[in-house]
Amino acid sequence: MKRLFAIVFAIVFVSAVSEAKEYVKTNALANWSIVASEDAIPSEKYAAQEFQRLLKDVSGITLPITSRPPESAGVIFIGYSEEMAASEVGFSIDDLGEEGLRIHTTSNQISIAGGRPRGTLYGVYEFMERYFDVRFLTHDHTYIPSKKTTRIPCETFTYIPPFTFRWSYYKENAAYQDFAAKLRVNTTTTDEKLGGKTNQELINHSFHHLLSVEEYGKTHPEYFALVDGERKLDMWGGGPELCVTNPDVIEIVANKVIQELDANPDRQNYSVSQNDNDKYCRCKRCEEINQREGTPMGSHLAFVNAVAERVEAKHPDVKIGTLSYWYTRKPPKTIRPRDNVQIQLCSIECSTLYALDDPDSEKNREFCDDMNKWGAMCDDIWIWNYNTNFRYYDLPFPNLRIISPNIQYFVKNHVKGLFMQANGNSMTGEMCDLRNYVISRCMWDPDLDGWELAKEFCQLHYGKAAKTVFAYLDFLHDNAERAGYEPGCFPNPYELGLNAEVSTKIFKYFQKALKQTENEEVFKRVEKASICAWRAVLETCGEMQINDGKLVVRYPAPFEDAVEKYKALTKKYGQERAEEWEPIDNYYSLLDRATKEGFKAEKLENDQWSVPVIAEKNGMIVDLFYKPKKRYLTGNFADRSLRLLFDRCTIEEQGVKGFQDAPEEFESESSQDAVVLSKKLADGSMYTRQIGFDAENPGQIVFKTEITHNGAEPKTYQIQITPEFHSGEATGNSKIVSAYIQDDGWRLFNEDWKDSDGPGKQILRNATGGEYAFFNHKQRYGVKLSYDSEHVYAQSLYWNPHYPLATLGLMTKEIELKPGGHFSFEYRMEYLSRRPR
Numbered sequence: 058m059k060r061l062f063a064i065v066f067a068i069v070f071v072s073a074v075s076e077a078k079e080y081v082k083t084n085a086l087a088n089w090s091i092v093a094s095e096d097a098i099p100s101e102k103y104a105a106q107e108f109q110r111l112l113k114d115v116s117g118i119t120l121p122i123t124s125r126p127p128e129s130a131g132v133i134f135i136g137y138s139e140e141m142a143a144s145e146v147g148f149s150i151d152d153l154g155e156e157g158l159r160i161h162t163t164s165n166q167i168s169i170a171g172g173r174p175r176g177t178l179y180g181v182y183e184f185m186e187r188y189f190d191v192r193f194l195t196h197d198h199t200y201i202p203s204k205k206t207t208r209i210p211c212e213t214f215t216y217i218p219p220f221t222f223r224w225s226y227y228k229e230n231a232a233y234q235d236f237a238a239k240l241r242v243n244t245t246t247t248d249e250k251l252g253g254k255t256n257q258e259l260i261n262h263s264f265h266h267l268l269s270v271e272e273y274g275k276t277h278p279e280y281f282a283l284v285d286g287e288r289k290l291d292m293w294g295g296g297p298e299l300c301v302t303n304p305d306v307i308e309i310v311a312n313k314v315i316q317e318l319d320a321n322p323d324r325q326n327y328s329v330s331q332n333d334n335d336k337y338c339r340c341k342r343c344e345e346i347n348q349r350e351g352t353p354m355g356s357h358l359a360f361v362n363a364v365a366e367r368v369e370a371k372h373p374d375v376k377i378g379t380l381s382y383w384y385t386r387k388p389p390k391t392i393r394p395r396d397n398v399q400i401q402l403c404s405i406e407c408s409t410l411y412a413l414d415d416p417d418s419e420k421n422r423e424f425c426d427d428m429n430k431w432g433a434m435c436d437d438i439w440i441w442n443y444n445t446n447f448r449y450y451d452l453p454f455p456n457l458r459i460i461s462p463n464i465q466y467f468v469k470n471h472v473k474g475l476f477m478q479a480n481g482n483s484m485t486g487e488m489c490d491l492r493n494y495v496i497s498r499c500m501w502d503p504d505l506d507g508w509e510l511a512k513e514f515c516q517l518h519y520g521k522a523a524k525t526v527f528a529y530l531d532f533l534h535d536n537a538e539r540a541g542y543e544p545g546c547f548p549n550p551y552e553l554g555l556n557a558e559v560s561t562k563i564f565k566y567f568q569k570a571l572k573q574t575e576n577e578e579v580f581k582r583v584e585k586a587s588i589c590a591w592r593a594v595l596e597t598c599g600e601m602q603i604n605d606g607k608l609v610v611r612y613p614a615p616f617e618d619a620v621e622k623y624k625a626l627t628k629k630y631g632q633e634r635a636e637e638w639e640p641i642d643n644y645y646s647l648l649d650r651a652t653k654e655g656f657k658a659e660k661l662e663n664d665q666w667s668v669p670v671i672a673e674k675n676g677m678i679v680d681l682f683y684k685p686k687k688r689y690l691t692g693n694f695a696d697r698s699l700r701l702l703f704d705r706c707t708i709e710e711q712g713v714k715g716f717q718d719a720p721e722e723f724e725s726e727s728s729q730d731a732v733v734l735s736k737k738l739a740d741g742s743m744y745t746r747q748i749g750f751d752a753e754n755p756g757q758i759v760f761k762t763e764i765t766h767n768g769a770e771p772k773t774y775q776i777q778i779t780p781e782f783h784s785g786e787a788t789g790n791s792k793i794v795s796a797y798i799q800d801d802g803w804r805l806f807n808e809d810w811k812d813s814d815g816p817g818k819q820i821l822r823n824a825t826g827g828e829y830a831f832f833n834h835k836q837r838y839g840v841k842l843s844y845d846s847e848h849v850y851a852q853s854l855y856w857n858p859h860y861p862l863a864t865l866g867l868m869t870k871e872i873e874l875k876p877g878g879h880f881s882f883e884y885r886m887e888y889l890s891r892r893p894r
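Quick look at the structure:
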């Protein structure tokens, strides 16, 4: 794929510089004064102090701060005042909004003023960056050039930022709000001396707050979404969605918004948005609108418009913001947002390796199409963009090359608010210091090149190790692009191009960099950054071993101490989470369990197969290995990663009905040819699984499930079987990876599928032949599953073009057993070297 860098022209936002004909040397400032008027607001007085402090740092000159200009010496005006207006004919801040700034320099005067409340303070930081090359790298590292003298051009510089809402979502900005102000992040502080934060709030999930299930669930279940014929009130993701066509719901929500705006009159917008799940209302009224508009956003936007209309009558200057997210991202055919409605698009489905407007990125095309359509119908577009790996906060994440191209794309499409979500939960995470610097600076000035900013950060922050650290970043990104995946914001290591070999190289980069550091301070900076290398090692370099009934992960030299080293570093640098919702202590526990105590397991083996069975984890099979072809059919350890040791690419059975309160762990017994797993249910019933080899055909793995019902009353049972195979390639092309079903001959049925649905679904659901398979034509391998179709209620396929995964699922029919009743079900699995025919 190509790396595309969008061009941002100066006409998109105001950035103007007059040509300089004269210069003021720094040493000429020695007798000048800094002037901040007595009626200056707190942020302007603080701006004068910041100018004084930073000028001393860069030049050694300390200037006095006064409220009136001296009669003879030069003057530096900070903030707009009557005195400045008298000396600066034509200088105005009326056109600068809240944050625009203007810097005017002559031979005997410098004027820095901007819109209130933040423009002047931002102007001081802009001045120091622009003319003295000061760089605000981290909260505890401001780079001050060693030069004592510089030439300040006599010119006028005017700048108005294109985004009125800027949030680089790192904890450093929330914890050190003075530092956030230096980076011009305008969303973290209420401190007046720092200019406060914008009165615009993040457009976020809010239904749960506006109409809560606790208040209305029992008395008015009809206020909530109808899903599968039920008003499901116990819902993940913040709670149930609302029935957005219910007239009472519209009035309740509108009144709630108006009440809160009455109490907070300075607010400029208010979020009226879905909760964080996809269980939107399917009642007749909602569905009629959605079907007509071609998207669930139809009924949702009609609801938001209705609320916005009511709010406008009381608060005409307030915008109502709503997410265009998940099921609401696609714009409706005819319904348009009202003038007082903001639309915030979310890019959660997009690739994080390739720019959003990269035409070769299949994942990103639909987002760009939606962006274009929304832009044509709404003039207040915001963006919620994703800039971290939410599943692995500290794993190497190769998306630095697309940060500035994406931000430039947003500017080109007239976006006004930008939330760059990252690791906001702790002070540590993969290259978090560098990332916050790059994201924040690009949001303030989208003309900057993010990759060059990353290089600059390395040079200024990592000292003599900078070249090696940046060489690592170059290697990481080049390697990920070669891997050929389009990772999102929850990627596994293999989707980022990480495996044992690559992780070892990353580790060596950081070990080299640590040896190059010139002092303890720089050593700590590089050491903090090296946490990502240790995480890569932990996830990809371990080896699964089953010995003495235990599965244990072992690390080869030189990583024998990787677990303890990682724990020590993350504790030292204050990492609180290993992923978005998981405290890091939970990951520590997994590390200790996997490398010390291990998991109860058995290994079934013959000349053709190695079948590890994890009795403790519901008897699942991991690392299914076919010896003649030396192929892992469920993906090897590197593909799975330590964190997902028992997730994805496993073979597992799960009780759907009749297994309430069933323990996860099986008791196990093994022989040369079989593993027998058994567990007792709460009512005394027995659930037994036997995994073995066919005596006459050792290439077949035989799975036999038996249930003996010992309860006092009849009970209904149902079992789901989910064999998840590594398909060898992430592709949507059924000519490369094919799925076949037996029904009067083998039939291809996965053409044009996306995720779990497609035009061949009826072929799959109606087939009665008792066999189906997947086959990779390029690598010439596959798996066939044979089963008794009389006992099967439904077959299923999960085939996602973005993952090398093919799930051939089975759901048994419901079977009612009387006390003492018995049920058994058998299926078989075998390796394919040629497609079924």
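Numbering (this note's numbering), first residue to last: 58 to 894. A virtual CB, placed ideally from N, CA and C, is assigned to each residue, including glycine.
query, result
"Would you check if the region 421 to 429 and the region 546 to 562 touch, i.e. whether three or more CB-CB distances between them fall below 8 Å?", "no"
"According to DSSP, what are the bridge partners of R192?", "Y200"
"Taking 7 Å as the cut-off, is the CB of L661 close to at least one heavy atom of the ligand ZN?", "Absence of the ligand ZN from the depicted structure is noted, as is the absence of any ligand whatsoever, leaving it without description."
"For V472 and V679, I'd like the C-alpha separation in whole angstroms.", "46 Å"
"Would you be able to state if there are at least three C-beta pairs under 8 Å between the region 238 to 251 and the region 305 to 320?", "no"
"Please give me, in chain order, every unbroken run of the alpha helix (DSSP H) with length at least 4 that falls completely inside the region 404 to 492.", "419 to 434, 460 to 469"
"Can you grab the Cα-Cα spacing for the pair Q106 / R458, in whole Å?", "37 Å"
"By the 10 Å Cβ neighbour count, where 16 or more other Cβ atoms means buried, how is W293 classified, buried or exposed?", "exposed"
"Select from I160, T765, P893 the residue whose C-alpha is nearest the C-alpha of R746.", "T765"
"Assuming P889 and G827 form a contact by the criterion Cβ under 8 Å, report the distance between their Cβ atoms to the nearest whole angstrom.", "For clarity, residue 889 is Leu in the given sequence; the question names Pro instead. 16 Å between Cβ atoms; not a contact."
"How long is the line joining the alpha carbons of V74 and V132, rounded to whole angstroms?", "21 Å"
"My guess is that A170 and Y216 are in contact by the Cβ rule of under 8 Å, so how many angstroms apart are they, rounded?", "Not a contact, Cβ separation roughly 12 Å."
"Going by the DSSP bridge assignment, what does I764 pair with across the sheet?", "Y744, F880"
"Need the endpoints of the alpha helix (DSSP H) that Q568 sits in, please.", "557 to 573"
"Alpha carbons only, please: which of E724, E722, D730 is nearest the one belonging to N663?", "D730"
"What are the start and end residues of the beta strand (DSSP E) that includes V301?", "No beta strand (DSSP E) holds V301; DSSP gives it neither H nor E."
"If you follow the beta strand (DSSP E) that S225 is in, where does it begin and where does it stop?", "222 to 226"
"How about the region 568 to 580 and the region 708 to 727: do they share at least three Cβ pairs that are nearer than 8 Å?", "no"
"Run the CB neighbour count on D415, radius 10 Å, all protein chains shown included, and call it buried at 16 or more, exposed below.", "buried"
"Do I135 and A87 have their CB atoms nearer than 8 Å?", "no"
"For Y860, which residues of its own chain have a beta-carbon under 6 Å away from its beta-carbon, when the five flanking residues on both sides are left out?", "A787"
"Here's the rule I'm using: 16 or more other beta-carbon atoms within 10 Å means buried, otherwise exposed. How should S203 be labelled?", "exposed"
"From which residue to which residue does the beta strand (DSSP E) around T379 run?", "376 to 381"
"Are the CB atoms of Q399 and I260 within a distance shorter than 8 Å?", "yes"
"Going by CA-CA distance only, name the one from R498, T409, P640, G507 that's closest to Y542.", "T409"
"Taking Cβ to Cβ, would you say C435 is nearer than 8 Å to P394?", "yes"
"Are any of the Cβ atoms in chain B nearer than 8 Å to that of R634?", "The chain labelled as chain B is not found in the depicted structure, where only one protein chain is given."
"How far does the alpha helix (DSSP H) with F782 in it reach, from first residue to last?", "Here F782 belongs to no alpha helix (DSSP H); instead the beta strand (DSSP E) covers 772 to 783."
"Examine the Cβ distances between the region 476 to 484 and the region 523 to 543 and report whether three or more of them are shorter than 8 Å.", "no"
"Drop a sphere of 10 angstroms on the beta-carbon of A433, count the other beta-carbons inside from all chains shown, and report buried for 16 or more, exposed for fewer.", "exposed"
"Just the C-alpha distance for T302 and R822, rounded to the nearest angstrom, thanks.", "35 Å"
"Provide the residue span of the alpha helix (DSSP H) that contains F547, from first to last.", "Run containing F547: none; DSSP gives neither H nor E here."
"For a test of the three-state rule: what should DSSP assign to K59, helix, strand or coil?", "Summary for K59: the model assigns pLDDT 34, below 50, so the residue's position carries little reliability; its value from the coordinates is reported in the next sentence. Coil at K59, not helix or strand."
"So what does DSSP say about R885, is it helix, strand or coil?", "strand"
"Can you say whether W638 is buried or exposed, counting buried as having 16 or more other CB atoms within 10 angstroms of its CB?", "exposed"
"By DSSP, does S727 sit in helix, in strand, or in coil?", "strand"
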